[in-house]
Ligand SMILES: Cc1cc2nc3c(=O)[nH]c(=O)nc-3n(C[C@H](O)[C@H](O)[C@H](O)COP(=O)(O)O)c2cc1C
């Protein structure tokens with residue numbers, strides 16, 4: 018069996034492989050209004066949003082990626098610095114390994130970020146005491162925790178939990194007892210109506226959709242398997258789940274005004290503004306950040322983030338909508 022470190026390095030390498038990148042968020046058919054007069058002054062645009070009650074200056078979030086391996090420390094530190102500089106939110110990769118090994122905390126990077134969150138799989142929550150997870154979140158400088166749901170990935174991954182089954186009562190007990198905000202996320206198949214409604218009944222602070230069309234964890238794990246699954250069945254598994262648009266609608270209906278983060282295949286600033294206009298509070302990206310870092314290290318993610326903010330602001334301003342509340346109305350109100 019590969020070690021944790023080998024698995025995490027595989028994930029980093031394989032998410033760059035073209036065939037695992039997904040077809041994108043599928044928002045091309047949506048048409049935002051366009052104000053040819055560009056009447057809104059740049060300084061009148063209010064791009065602020067909130068995640069679990071914490072204010073962010075721009076609704077771009079760094080999605081959960083990595084930690085627990087020496088190679089992650091510099092990347093996470095660079096992301097933390099960027100998030101703090103621009104007032105953005107960030108989620109660390111799964112903290113499971115640092116719950117097992119105290120010396121691995123530093124691989125999650127250093128530097129204060131107001132809207133920083135930890136991450137843990139739903140299959141792990143019963144293994145650890147709530148207080149112990151919370152204590153580790155605090156040590157990492159986090160304000161809350163994302164719990165990820167990844168049943169299909171667990172099955173395809175050789176060393177995964179093939180009988181993954183999230184016990185709702187366990188999840189409820191954990192969320193109710195956890196002393197910080199908890200958000201729930203998928204990792205690439207999205208969250209639909211029934212599941213969103215069940216999650217919405219829990220005292221969670223929000224949901225990250227992570228829908229079909231983004232980095233494919235089915236394909237990544239299929240490439241790592243010793244015993245192959247046929248290409249046609251991998252394609253079939255990869256088609257399961259929800260598009261970003263339908264996931265946003267279902268989750269927003271279930272969450273009311275709690276935080277909704279859209280992710281999965283967001284590849285440019287127009288996707289970002291469209292996902293916000295559909296009802297997301299924030300939009301998360303993962304693979305584009307790691308690709309930029311892989312190609313040009315810290316300078317790569319610095320220029321990527323600056324460009325997404327600049328072009329995102331331009332597109333947002335071109336709609337004539339001065340803030341998130343008004344952007345949310347723009348697809349339903351005739352121009
Ligand atoms: C290298 C890499 C590692 C990831 N590790 C985690 C993880 O530890 N926990 C998690 O919930 N999601 C993880 N994800 C999933 C992302 O947070 C995100 O949900 C998904 O990749 C879709 O976003 P994308 O299409 O922008 O990559 C990882 C993604 C990447 C690219």
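Numbering (our numbering), first residue to last: 18 to 352. Where is the CB? At the ideal position from N, CA and C, for every residue including glycine.
Around the beta carbon of residue 259, 16 or more other beta carbons sit within 10 angstroms, so the residue counts as buried. Residue environment analysis places residue 25 among the buried positions, since at least 16 neighbouring C-beta atoms fall within 10 angstroms of its C-beta. With respect to the C-alpha of residue 109, the residue from 87, 103, 76, 154 having the closest C-alpha is 154.
Scanning its chain for C-beta atoms nearer than 6 Å, with the 5 sequence neighbours on each side dropped, one finds around residue 187 the residues 143, in chain order.
When 308, 286, 222, 198 are compared, the shortest CA-CA separation from residue 232 is found for 308.
Classified as buried, residue 42 has 16 or more neighbouring CB atoms from the shown chains inside 10 Å of its CB. At least one heavy atom of ligand 1 sits closer than 6 Å to the Cβ of residue 136. Going by DSSP, residue 302 is part of no alpha helix (DSSP H) but of the beta strand (DSSP E) stretching over 299-302. Residue 340 holds the alpha-carbon nearest to the alpha-carbon of residue 59 among 340, 120, 288. Here the region 52-71 lies against the region 329-337, with 3 or more beta-carbon pairs under 8 Å apart. Among the bridge pairs identified by DSSP, residue 279 is matched with 300. Less than 7 Å separates the beta-carbon of residue 165 from that of residue 138.
Excluding five sequence positions before and after residue 294, the CB atoms of its chain that fall closer than 7 Å to its own CB belong to 49, 344, 345, 347, 348, given in chain order. Per DSSP, the beta-bridge partners of residue 165 are 138, 202.
Residue range 66-68 is occupied by the beta strand (DSSP E) that includes residue 67.
Between the region 221-239 and the region 255-271 there are three or more C-beta pairs closer than 8 Å, enough to call the two in contact.
For residue 213, the CB contacts under 6 Å within the same chain, skipping 5 residues up- and downstream, are 267, 268, 271 in chain order. The continuous beta strand (DSSP E) containing residue 73 extends over residues 71-73.
The beta carbons of residue 230 and residue 296 sit no closer together than 7 Å. In the assembly as shown, residue 257 is an exposed residue. Its beta-carbon has fewer than 16 other beta-carbons within 10 Å. Under the three-state reduction of DSSP output, residue 108 falls in the strand class. The Cβ-Cβ distance between residue 196 and residue 239 does not fall below 7 Å. For residue 223, no alpha helix (DSSP H) run applies; the uninterrupted beta strand (DSSP E) run containing it begins and ends at 223-225, by DSSP. An exposed status is given to residue 35, since fewer than 16 other beta-carbon atoms sit within 10 Å of its beta-carbon.
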